[in-house]
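Data block below; observations after.
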Amino acid sequence: MSKQFYITTAIDYVNGEPHLGHAYEKVITDVIARTHVALGEEVFYLTGLDEHGQKVEQAAKDAGMETQAYCDRLAASWQSFVKKLGLINRDFVRTTSPRHKDVVQAVLNRLNDKGEFYKKTYTGWYSAKEETFLTEKDRNEDGSFDSKWGTVTELEEDNYYFKLGEHQQWLIDHIESNPDFVQPTNRRNEVLGFLKNNKLEDLCSTRPQNRLSWGIPFPFDAEFVTYVWFDALTNYISIPAAHGDDTVRSALQLGASSGESLSLWPADVHVIGKDILKFHTVYWPIMLKAMGLPLPKTVLVHGWWQKDGEKMSKSTGNVVDPVAVIDEWGLDAFRYYVVRELGIGPDGNWTDESFSNRYSNELANGLGNLANRSLSMLGRYRDGIVPARHDELAEEAARFVGETVAHLKSHNLQAGLQSIWGLVRRANEYVDKTAPFKLAKDPTQSERLDEVLYNLTEVVRILGVLLWPFIPESAGRIFQQLQLEDSPDRLALAEWGGMKAGHQTGKPAPLFPRKDLAPRN
RNA sequence: GCCAGAGUAGCUCAGUGGUAGAGCAGAGGACUCAUAAGCCUUUGGUCGCAGGUUCAAAUCCCGCCUCUGGCACCA
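What follows is the structure, given as structure tokens:
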């Protein structure tokens, strides 16, 4: 089976309810995934949950629940969140699932066989209250530890370490010779700067069982469990392995799959937030190399959202609840806003005002009104029947289509929307310049009216195609109103001339009803 | 402190040597197919500060100020 386009989000820590940041990452990943569907590729989109660790265990205890049951409950809520966002994910990984744990243990065994781990005693300052070791950074200026840490004692602890040191140079070479490996460029420079200016220390990969029990046991030493790196990052290959990916299965000596045999690895894109850059561009590549697996092609790093110029925080109530926004404004309005407002890379700022402005100006008055007035005139003047093909806007439309597709392919989703709205704007201008409503009053202009109506209807159809990766519901509604049989999920359909003469279109209905005006009498 | 990046119209940003740009917001206009939408015109900036190079600097160089990100075990 030929390799599929494999794209992932980071897995979320089940430490609470989903927030805007989670929604954003999943939506941009979905837009890229849908783009590749629209390009005609087989696409595998993976998202999921990280369910191990002390905080989960503690939260379960606080809730008076058995830990796994607690995770199950949260997982159900996160999965319904994924549904709410309209994602086309093909699987949902949970790190407490047997299919994942088996692969993690296989990875650990494989690397241990290769001598990639060694045991070492660490001595450091330990806060029993916070159950963590403290570093020099945690000290006050006078060398003491803050009272929030409780009693701090010096403690010795054995752990297994994963060797990183010898991998530094090839990783630098790889990042330098593969400009697309870390996107955008400023993040790439950040990693390179880090790798060139620091000596990699080996990675502490375990926690003693007695300090952390909610985790995956180290297969060759039952006194330890895996700490986050080998547990969480491994999800990107454990799911391919579970679906019979031969590249992963043979590298880990898992034997042939008895069921399906999808070809997924290496990942085409890992979409992540800037906070976990180092894990994905330093530790993860080294882990993969040690396993004998190829590296992902691209790690795409996005920024954080603020609300009204300030950090979102539960304690101050300064948050955006994506579910509430979707319930009020619709899924597509939400998807549109987060992609249009913020390019992938920098931090962004959510304000309710700019959301409302974009909704009114761009979705309702721009796109929605264009579709509505075009279909309305075709209905009024030609009973909704598409006239003969005419190519007045063909060339310009093709230019906007080309721009949009290029932006989509290079992950410039925001720029893609800007290109699409260039076409929206051009079509609205075209209505004004050609004034079909005037032509309709003059019987001698009948042929010209046909031409104009064809161009408008065809542009609306093409917009449906271009918009599908971003706002699939609305794209579908555009096609519905045009009474087209196809689904808008193929970019090939964006070629001019898809509307056939004689085709009967349907009645228009507002795609994005305005919400800021009182209903008209 | 060190290393990057940024500072341009009220807001978000484009512009890397040759007469200051876009979108939004603000103002005005003609129209009426449409979700009172759309279209056209327009106000607005000593391009962070101070020097230098050049016929010419937002753009190159030096200094300074301010902001942001990073400076590893962080779920």
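Add 3 to a position in the first sequence, counting from 1, and you land on the number used in our numbering.
No residue lacks a Cβ here, since even glycine has one placed at the ideal position from N, Cα and C.
According to DSSP, is P513 part of a helix, a strand, or is it coil?
DSSP places P513 outside both helix and strand once states are collapsed to three, so it counts as coil.
Starting from the C-beta of N321, find all residues in its chain whose C-beta is less than 8 Å away, skip the five residues before and the five after it, and write them out in chain order.
Once the five neighbours on either side are set aside, the close Cβ partners of N321 are K310, D311, E313, K314, M315.
Environment of K200 [buried if 16+ CB atoms lie within 10 Å]:
Note that residue 200 is Asn in the sequence shown here, rather than Lys. Residue environment: N200 is assigned as exposed (fewer than 16 neighbouring CB atoms within 10 Å of its CB, all protein chains considered).
Using a Cβ-Cβ cut-off of 7 Å (strictly less than) and excluding sequence neighbours within five positions of H25, which residues of its own chain qualify?
If we look at H25 and ignore the five residues flanking it on each side, its Cβ neighbours are D15.
Buried or exposed: T11, going by 16 or more other Cβ atoms within 10 Å of its Cβ?
T11 comes out buried.
Assuming K123 contacts Y164 (C-beta within less than 8 Å), just tell me the rounded distance between them.
The Cβ separation is near 5 Å, so the contact holds.
Applying the 10 Å Cβ sphere with the 16-neighbour rule, what's the burial state of Q108?
Per the 10 Å Cβ criterion, buried.
Any contact of the segment 92-100 with the segment 178-191, i.e. 3+ C-beta pairs under 8 Å?
Contact fails: fewer than three Cβ-Cβ distances are below 8 Å.
Hey, out of G425, R392, H305, whose CA is closest to E406's CA?
The residue with the shortest Cα to Cα distance from E406 is G425.
So what does DSSP say about F223, is it helix, strand or coil?
F223: coil per DSSP, three-state reduction.
DSSP state of F184, grouped into three classes?
Of the three classes helix, strand and coil, the one that applies to F184 here is coil, per DSSP.
Pairwise C-alpha distance: I31 and L49:
So the alpha carbons of these two residues sit roughly 13 Å apart.
7 Å Cβ shell around V110 - same chain, five flanking residues per side excluded:
Cβ within range, chain order: F233, T237, L255, M294.
Could you check if D489 is buried or exposed, using at least 16 other CB atoms within 10 Å of its CB as the buried criterion?
Looking at its Cβ environment, which holds fewer than 16 other Cβ atoms inside 10 Å, D489 is exposed.
Looking at the secondary structure, which residues open and close the beta strand (DSSP E) in which E159 lies?
Counting along the chain, E159 sits inside the beta strand (DSSP E) bounded by residues 155-165.
So, is Y125 buried or exposed, given that buried needs 16 or more other C-beta atoms within 10 angstroms?
Y125 is classed as exposed because its beta carbon has fewer than 16 other beta carbons within 10 Å across all chains shown.
In the DSSP assignment, what residue or residues form a beta bridge with Y129?
In the DSSP assignment, Y129 forms a beta bridge with F136, T156.
Three-way DSSP call (helix, strand, coil) for I329 in this model:
Residue state for I329 is assigned as helix, using DSSP reduced to three classes.
For the structure I just gave you, are there three or more beta carbon pairs, one from the segment 241-248 and one from the segment 70-86, closer than 8 Å?
Touching, no.
Coil, strand or helix - G196 by DSSP
DSSP places G196 in the helix class (H, G or I) of the three-state scheme.
Report the three-state DSSP secondary structure of N18 (helix, strand or coil).
Coil at N18, not helix or strand.
Is there contact here, the segment 438-455 with the segment 73-82, by at least three beta-carbon pairs under 8 Å?
Taking one beta carbon from each stretch, the segment 438-455 and the segment 73-82 have fewer than 3 pairs nearer than 8 Å; the two do not touch.
Where G67 and E60 are concerned, what is the direct C-alpha to C-alpha distance, given to the nearest angstrom?
A straight line joining the alpha-carbon of G67 with that of E60 spans about 11 Å.
Hey, how far is the Cα of N181 from the Cα of G509?
Approximately 50 Å, taken between the alpha carbons.
Have a look at Y27, H22, Q7 and flag the residue whose alpha-carbon is nearest the alpha-carbon of R343.
In terms of CA proximity to R343, Y27 leads the group Y27, H22, Q7.
On the criterion of 16 or more Cβ atoms from any shown chain inside 10 Å, does N92 qualify as buried, or is it exposed?
Note on N92: 16 or more other CB atoms within 10 angstroms of its CB, so buried under the neighbour-count rule.
Give the C-beta separation of H55 and W217 to the nearest angstrom, bearing in mind that I take them to be a contact with Cβ-Cβ under 8 Å.
Approximately 6 Å separates the beta-carbon atoms of H55 and W217; this is inside 8 Å, confirming the contact.
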